[in-house]
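Participant: Here's a structure for you.
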Amino acid sequence: MKVSVILAHPDPASFNHAIAQATITALKKGGLEVMYHDLYQERFDAILPSGEIPKDVVLPPEIAAHCQEASEADGFVIIHPNWWGMPPAILTGWVDRVMRPGIAYEFLEGDTGEGVPNGLLKAKSVIVFNTSNTETERERTVFLDPLETIWKNCIFDLCGVRHFHRRMFNVIVTSTREQRENWLKEVEETVASIFNETCMQHNR
Numbered sequence: 001m002k003v004s005v006i007l008a009h010p011d012p013a014s015f016n017h018a019i020a021q022a023t024i025t026a027l028k029k030g031g032l033e034v035m036y037h038d039l040y041q042e043r044f045d046a047i048l049p050s051g052e053i054p055k056d057v058v059l060p061p062e063i064a065a066h067c068q069e070a071s072e073a074d075g076f077v078i079i080h081p082n083w084w085g086m087p088p089a090i091l092t093g094w095v096d097r098v099m100r101p102g103i104a105y106e107f108l109e110g111d112t113g114e115g116v117p118n119g120l121l122k123a124k125s126v127i128v129f130n131t132s133n134t135e136t137e138r139e140r141t142v143f144l145d146p147l148e149t150i151w152k153n154c155i156f157d158l159c160g161v162r163h164f165h166r167r168m169f170n171v172i173v174t175s176t177r178e179q180r181e182n183w184l185k186e187v188e189e190t191v192a193s194i195f196n197e198t199c200m201q202h203n204r
């Protein structure tokens, strides 16, 4: 069973990187195959050229490889900070170039693109781990938690992944070492729990 882990944070010393390592540790302990990408470290090109928009174009090798991994993944873990209620631009660019028609979704015959697409991803589960310096109540009541809508409704549900779990760790800027250690334990426990369940479903 393969799990795609996508990290988007420019600072290698960030808590996001610690989350990614805890995620990978938990997945490997469970005997799962990890497909890991640190988008900043890899200098992923986030700009979608117009020539890539059509469904059946020949993609650059690096984008084709990402698309292949996305189509093969049995699960996803997405890790990024909350920046202006959005993912970092590099991660939005990854979605633009990788979650493409024919890979992540398709429109049914007779639909010219105005309808609800059919999801193509084989993945059963996705976890999104976010970090933020905004309190949870303020995030929900003032900003209406846009990351939940983006990842759950606008991306993964549309692409056919129904089992969705998201956790926001906050407030990072005032957190203690003990809090962060406990959060990383929670990451490992969450990943193990969700993907052990997914693995059992996969093997039925």
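Each residue of the sequence shown is one higher than the last, beginning at 1 in UniProt numbering.
A virtual CB, placed ideally from N, CA and C, is assigned to each residue, including glycine.
Using the beta-carbon count (16 or more within 10 Å), is Asn-82 buried or exposed?
Facilitator: Asn-82 should be labelled buried.
Participant: Quick one: give me the first and last residue of the beta strand (DSSP E) that Ser-125 is part of.
Facilitator: Here the beta strand (DSSP E) through Ser-125 covers 125-131.
Participant: Whole angstroms is fine: what's the gap from His-37's alpha carbon to Ser-4's?
Facilitator: Rounded to the nearest angstrom, the two C-alpha atoms are 8 angstroms apart.
Participant: Go ahead and label Pro-88 buried or exposed: buried means 16 or more other beta carbons lie within 10 angstroms of its beta carbon, across all protein chains shown.
Facilitator: Pro-88 should be labelled buried.
Participant: Out of Asp-96, Ile-103 and Gln-21, point me to the one whose CA is closest to Asp-56's CA.
Facilitator: Considering only alpha carbons, the answer is Ile-103.
Participant: What ranges does the beta strand (DSSP E) occupy inside the segment 78-148, keeping only unbroken runs of at least 3 residues that lie completely in it?
Facilitator: Counting whole runs of 3 or more residues, the segment 78-148 contains the beta strand (DSSP E) stretches 125-131.
Participant: Thinking C-beta only, is Glu-135 closer than 8 angstroms to Asn-182?
Facilitator: Not a contact, by the Cβ cut-off of 8 angstroms.
Participant: In angstroms with no decimal places, state the Cα-to-Cα distance between Ile-90 and Arg-100.
Facilitator: Distance between the alpha carbons of Ile-90 and Arg-100 is about 16 angstroms.
Participant: In this structure, what does DSSP give as the bridge partners for Lys-55?
Facilitator: Paired residues: none, contrary to the question.
Participant: For His-165, does the three-state DSSP call read helix, strand or coil?
Facilitator: Looking at His-165 - three-state DSSP - the assignment turns out to be strand.
Participant: Please report the distance separating the alpha-carbon of His-80 from that of Gln-179.
Facilitator: Cα to Cα, His-80 sits roughly 18 angstroms from Gln-179.
Participant: Is the distance from the Cβ of Ala-123 to the Cβ of Gly-75 below 8 angstroms?
Facilitator: Result yes, Cβ atoms of Ala-123 and Gly-75 sit closer than 8 angstroms.
Participant: Could you have a look at Ile-6 and say whether DSSP puts it in helix, strand or coil?
Facilitator: In the structure shown, Ile-6 sits in a strand (DSSP, three-state: E or B).
Participant: Using 10 angstroms around the beta-carbon of Arg-177, count the other beta-carbons present and answer buried if the total reaches 16, otherwise exposed.
Facilitator: Exposed.
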